[in-house]
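Residue numbers (numbering that gives the first Met the number 0): 0 to 371. Beta carbons are placed, not taken as given, at the ideal position from N, Cα and C, and that holds for glycine. Please read the structure below before turning to the comments.
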Amino acid sequence: MTQSPQDRSLSPPGPQTAPKPSAAEWEGEQLRIFTLRRKPVFVLYNDFDSELDGGIAERAVLETVEGVCRALEEGGRPAERIPLVPPLSGAARALESLPKGSTVFNLFEGFADDPPSEVALAIHLRTLRLRSTGCPPLSLHLGLYKAIAKRFLQAAGLPTAPFRVYERSSEAAETPPFGFPAFLKPAAEDASHGIQAENLVQNPEDLQKRVRVLLERFPAGVLAEPFLPGRELNCSVVETPEGIVALPPSLVNYEEMPASHPKVLTFDAKWAEGSEAYRATPTVCPAPVEPELIQRVRALAREAYLALGCRSYARVDFREDREGNLQILEVNPNPDFSPSAGLAKQAKAHGWDYSELTHRVLGAAEVNEPWT
């Protein structure tokens, strides 16, 4: 039996009254904030050679850098860019040269051939006690390793579909306990890498064939879940100096998707702007669905954010099953922060322009202690 949010041990405690600071403490905090606001913000991001990497998702980082730097400077904060290139040891040394107590706007998404480098760099930021936007290392790790993240969600009593992980091709001879149709995805990737229409399998033969293909490219494993045919929504959660806010969710509109193509948000649908898949999957925000569903999506998004230890900002993806029950597909720490991304659209629906979104995220990072 599913517990109510009030019964879950991971639900946040009610508001508590903090002791009133003394006049000296209050003045000290105001001075600290004033001093921080005069310091530059160091914007970390992936630098890459388009001839070598050519990654659509990685190139989108540059749009984000431009938007964040412009928003910071319009708000009176100098922005200094720090492009990071492999190896990771060199990127770590670049951080060590920053002044003590600096603030970092972390847009680094890991090197193309080394996704865990995103986690490693976040660890180094905390080791150096730099104030930083973005989720902590554990949340980033869970964003990569989807099966572990789903176990966290299950432990919190949150709705997520059953799953099976295949680590070797020979294991695909075993039909998943939930049957067919099933959808496959890399078990240890982010940014929709490896998500293709062909990953929807209808029978044991297709399963074995597709698992073999995916393992050749993504040897860390293949995660299988029942295909959920219902509506798909997503909801971004943002931490501000005033608290955590679940923004108005978006609906993925599959009405223009050809009947021959499964209703799946593939890598191309998310990133390749000139592709048919991209054009056929617009998102609508606020989602044109019943108010009760909006309320449930926002409540579950907040709980999932907390269950995986997220901070700063994250996006939670949902889909309805055959019975219309909402299931959490996954939690995405540090999603696309570009001015044209879904997070920015949801912030706008909430009443924040891109500059306000940027400064609210930055403000929360500067209020929090850098090792939290």
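Beta-carbon proximity list for residue i, same chain, < 7 angstroms, skipping 5 on both sides
| i | result |
| --- | --- |
| V64 | V42, Y44, R80 and L106 |
| V277 | The residue asked about is misnamed: residue 277 is Tyr in this sequence, not Val. D267, A268 and A271, listed in sequence order. |
| H260 | A196 |
| F162 | A146, K149, L222, A223 and E224 |
| L30 | Only weak support exists for where L30 lies, its pLDDT of 48 falling under 50; the coordinates are left without a value. |
| A372 | Nothing about residue 372 can be read from this structure; the chain reaches only from 0 to 371. |
Chain-order list of residues whose beta-carbon lies under 8 angstroms from that of residue i (same chain, five-residue window excluded)
| i | result |
| --- | --- |
| Q326 | P158, T159, A160, L227, F317, R318, E319 and D320 |
| N198 | F182, L183, K184, R209, L213 and V263 |
Distance CB(residue i)-CB(residue j) smaller than 8 angstroms
| i | j | result |
| --- | --- | --- |
| C309 | V330 | yes |
| S249 | G100 | no |
| A181 | L222 | no |
| L307 | S138 | yes |
| A90 | L120 | yes |
| A146 | A186 | yes |
| P218 | T174 | no |
| Y353 | G133 | no |
| A363 | T239 | yes |
| Q383 | L246 | The first residue shown for the chain is 0 and the last is 371, placing residue 383 beyond what the model contains. |
Rounded straight-line distance, which links the Cα of residue j to that of residue i
| i | j | result |
| --- | --- | --- |
| R167 | L264 | 26 angstroms |
| P338 | A70 | 10 angstroms |
| K347 | G242 | 18 angstroms |
| I293 | A300 | 11 angstroms |
| G53 | E291 | Confidence in G53 is poor, its pLDDT being 46 and thus under 50, which makes the residue's placement too unreliable to answer from. |
| C234 | K38 | 32 angstroms |
| E231 | V251 | 6 angstroms |
| L305 | F177 | 28 angstroms |
| E302 | V237 | 13 angstroms |
| V164 | V60 | 30 angstroms |
| P77 | S169 | 55 angstroms |
| T102 | G75 | 15 angstroms |
| P334 | A313 | 6 angstroms |
Close beta carbons around residue i, own chain, < 6 angstroms, minus the five adjacent residues each side
| i | result |
| --- | --- |
| Q201 | F179 and P180 |
| S116 | L87, G109 and F110 |
| A279 | E255 and M256 |
| V118 | P136, L139 and H140 |
| T16 | Caution applies to T16, whose pLDDT of 43 falls short of 50 and renders its modelled position unreliable; the value that the coordinates give is listed next. Counting only Cβ-Cβ distances below 6 angstroms, and skipping sequence neighbours, we find nothing. |
Per DSSP, cross-strand counterpart(s) of residue i
| i | result |
| --- | --- |
| A187 | Y144 |
| D373 | Examination of residue 373 is not possible in this model, given that the chain is present from 0 through 371 alone. |
| Y312 | V237 |
| G412 | Only positions 0 to 371 of the chain appear in the structure, and residue 412 is not among them; the question remains open. |
| N105 | L43 |
Cβ of residue i within 8 angstroms of any chain B Cβ
| i | result |
| --- | --- |
| A187 | No chain B appears in this structure, which consists of one protein chain only. |
Requested in this report: Spell out a yes or no on whether the region 285-299 and the region 203-213 are touching, meaning 3 or more CB-CB pairs, one atom from each, closer than 8 angstroms.
Outcome: no
Query - Cβ pair count under 8 angstroms reaching 3, the region 344-359 against the region 188-195 - result: no
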